[in-house]
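The block underneath contains the structure these notes are about, expressed in structure tokens.
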Amino acid sequence: MRAARGGGTAAAAPPIGALLRWFARAARPLPWRTRRTPYRVTVAEFVLQQTRVETAAPYFRRFVRRFPSWRALARAPRSEVLKAWEGLGYYARARRLHELARRLVRDHRGRLPADPERLRDFPGMGPYVAAAVASLAFGAPVPAVDGNVRRVVSRLLARDVTDDEGREILAGWMAGRPAGRFNEAMMELGALVCRRRKPACGVCPLRRGCRAFAAGDPVAWPSPRRRRRPPRILVGAAVTIDGRGRVLVARRRDGDMLGGLWEFPGGKVEPGESVTRCIRRELMEELGLEVEVGPEAARVRHDYSHFGIDLRAHWCRPLRGVPRPIGCAAVRWIRPADRGRLAFSRADLRVWEALERAPAAGQREGASPQQPRAARIASSTCPGEAPRGTAARRRSARPGSTSVPAVS
DNA sequence: GAAACGTGGAG
DNA sequence: TCTCCAAGTTT
387 MRAARGGGTA AAAPPIGALL RWFARAARPL PWRTRRTPYR VTVAEFVLQQ TRVETAAPYF
447 RRFVRRFPSW RALARAPRSE VLKAWEGLGY YARARRLHEL ARRLVRDHRG RLPADPERLR
507 DFPGMGPYVA AAVASLAFGA PVPAVDGNVR RVVSRLLARD VTDDEGREIL AGWMAGRPAG
567 RFNEAMMELG ALVCRRRKPA CGVCPLRRGC RAFAAGDPVA WPSPRRRRRP PRILVGAAVT
627 IDGRGRVLVA RRRDGDMLGG LWEFPGGKVE PGESVTRCIR RELMEELGLE VEVGPEAARV
687 RHDYSHFGID LRAHWCRPLR GVPRPIGCAA VRWIRPADRG RLAFSRADLR VWEALERAPA
747 AGQREGASPQ QPRAARIASS TCPGEAPRGT AARRRSARPG STSVPAVS
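Here is the structure:
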């Protein structure tokens with residue numbers, strides 16, 4: 387308790403024993419805390435990146451049920467992995483996890499290395515996840531510094547602490563302790579007690595050694611980071627219905643934002659351009675399809691991480707040409723009832739919901755006469771619903787059975 | 001180092 | 001309505 391008196395860089399070790407005892411008592415029964423296999427630990431860490439526990443938990447359960455092992459995940463098609471990720475965001479995580487599984491099965495007999503340095507070589511394995519997996523799944527003595535831990539250490543020292551500093555400091559504190567439990571206890575403390583707002587210092591097992599608590603203003607650390615207001619853009623999208631009541635959808639390219647997900651084709655409205663003209667232009671550019679644009683079918687405001695969109699979806703009718711994947715990865719005509727088989731982003735899911743709420747929108751008085759009749763939009767599966775694993779797998783008809791010819 | 005990358009909850 | 005950001009990684 388008397389260490390680091392002279393204001394040096396070394397920090398007095400907080401009462402780690404008290405922390406571990408608190409954790410043994412207060413730890414939440416989270417789904418990834420049962421059966422700590424390397425696979426389940428890894429899936430959990432991917433799902434949890436930048437994502438709240440309450441949001442991640444149902445996705446984790448569904449994901450490991452549908453893909454119970456590295457091998458099961460490796461042999462699944464990309465589209466199914468993305469479907470399991472639908473609505474969760476940061477879809478590159480799903481692509482990387484899938485790639486990780488395939489590389490593991492192909493080159494490493496489906497076994498994850500226990501060494502955090504070697505874990506770093508795999509896609510999606512950054513400094514935090516590699517340390518978390520190494521310590522939680524294999525007991526490797528490496529500190530895992532996530533947002534929670536960084537906040538806890540910053541407050542203990544009453545100054546902003548970088549990840550590198552945090553790892554160095556924590557390496558000393560964790561010496562001789564079970565690494566996995568130590569890391570998890572630090573994270574759990576940050577999540578339940580040392581919260582960003584309204585920290586519960588009264589019940590904190592570490593308050594005895596906490597400089598922020600001593601200073602009387604724990605929320606002062608870590609200091610908030612400034613960010614600028616994200617821009618908002620106007621986007622036009624086409625709800626194109628063919629003569630058989632099918633809807634035109636396009637798959638975004640991997641590597642693009644929302645890569646691999648399906649969407650109503652469209653794009654950004656250029657300055658001075660009308661939404662209608664934008665939709666006509668985008669469908670010609672991306673699909674080589676000429677359409678007639680009718681009245682608005684849905685309006686969705688949506689915020690992404692670094693910008694927002696005002697999405698205007700319009701009923702459209704194909705006029706000339708066969709849709710080809712020119713500016714996208716693939717294109718299909720689908721029955722509305724089948725849309726649940728494809729993965730869409732949240733914004734496009736909201737468009738679908740709006741279409742289902744008002745299927746007769748195109749037939750209201752005043753609507754153009756060229757409106758598609760019988761464009762009845764039937765409900766289908768949404769993210770967050772019960773898993774549809776076996777049923778989906780058993781289906782004989784693949785979504786592609788209605789695809790337009792000559793598209794890859 | 002900064003920006004890109006989704007979504008939803010809290011205040 | 002608006003701001004901030006959560007079990008981060010990649011480029």
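The numbering used here puts the first sequence at residues 387 to 794.
All C-beta atoms in this analysis are idealised placements derived from N, C-alpha and C, irrespective of residue type, glycine included.
Count the other CB atoms within 10 Å of the CB of residue i; is the residue buried (16 or more) or exposed (fewer)?
i           : result
residue 616 : exposed
residue 472 : buried
residue 654 : exposed
residue 465 : buried
residue 811 : For residue 811 there is no data in the structure shown, the boundaries of the chain being 387 and 794.
residue 807 : Nothing about residue 807 can be reported from this structure: the residues present for the chain run from 387 to 794 only.
residue 469 : buried
residue 430 : buried
residue 672 : buried
residue 656 : exposed
residue 641 : exposed
residue 414 : exposed
residue 603 : exposed
residue 633 : buried
residue 538 : buried
residue 744 : exposed
residue 440 : exposed
residue 705 : exposed
residue 749 : A caution first: residue 749 carries a pLDDT of 41, below 50, which makes its placement in the model too unreliable to give a value.
residue 540 : buried
residue 494 : exposed
Hey, could you find the ends of the beta strand (DSSP E) residue i is sitting in?
i           : result
residue 704 : 694-706
Once the 5 residues before and after residue i are set aside, which same chain residues still bring their CB inside 7 Å of it?
i           : result
residue 417 : 443, 446 and 447
residue 565 : 521, 525, 526, 527 and 528
residue 732 : 473 and 688
residue 702 : 624, 625, 626, 665, 677, 678, 679 and 680
residue 456 : 425, 487, 490, 491 and 496
residue 450 : 426 and 429
residue 608 : 536, 537, 540 and 546
So residue i is in the alpha helix (DSSP H); what residue range does that whole segment cover?
i           : result
residue 480 : 478-493
residue 425 : 424-434
residue 444 : 439-452
residue 513 : 513-524
residue 550 : 549-560
residue 815 : Residue 815 cannot be examined here, being either before or after the span of the chain that is shown, 387 to 794.
residue 598 : 597-601
Since residue i sits in a beta bridge, which residues does DSSP pair it with?
i           : result
residue 633 : 627 and 720
residue 620 : 696
residue 649 : 636
residue 679 : 702
residue 684 : 699
residue 689 : 694
residue 654 : 621
Leaving out the 5 sequence neighbours to the left and right, which residues in its chain are closer than 6 Å to residue i when beta-carbon positions are compared?
i           : result
residue 782 : Low per-residue confidence applies at residue 782: pLDDT is 29, beneath 50, and the placement is therefore not dependable, though the value from the model is reported in the following sentence. Taken in chain order, the list of residues that qualify is empty.
residue 478 : none
residue 771 : For residue 771, the predicted structure reports a pLDDT of 43, less than 50, and the residue's modelled location is therefore unreliable. A value from the coordinates is still provided. Cβ neighbours of residue 771 beyond the five flanking positions: none.
residue 599 : 587 and 593
residue 591 : 404, 405 and 408
residue 557 : 529
residue 515 : 431
Please state the DSSP three-state secondary structure of residue i.
i           : result
residue 507 : coil
residue 730 : strand
residue 643 : coil
residue 581 : coil
residue 576 : helix
residue 543 : helix
residue 402 : helix
residue 420 : coil
residue 710 : coil
residue 664 : helix
residue 465 : helix
residue 528 : coil
residue 674 : coil
Excluding the 5 residues flanking residue i on each side, which residues of the same chain have their C-beta closer than 8 Å to its C-beta?
i           : result
residue 563 : 402 and 406
residue 506 : 512, 513 and 516
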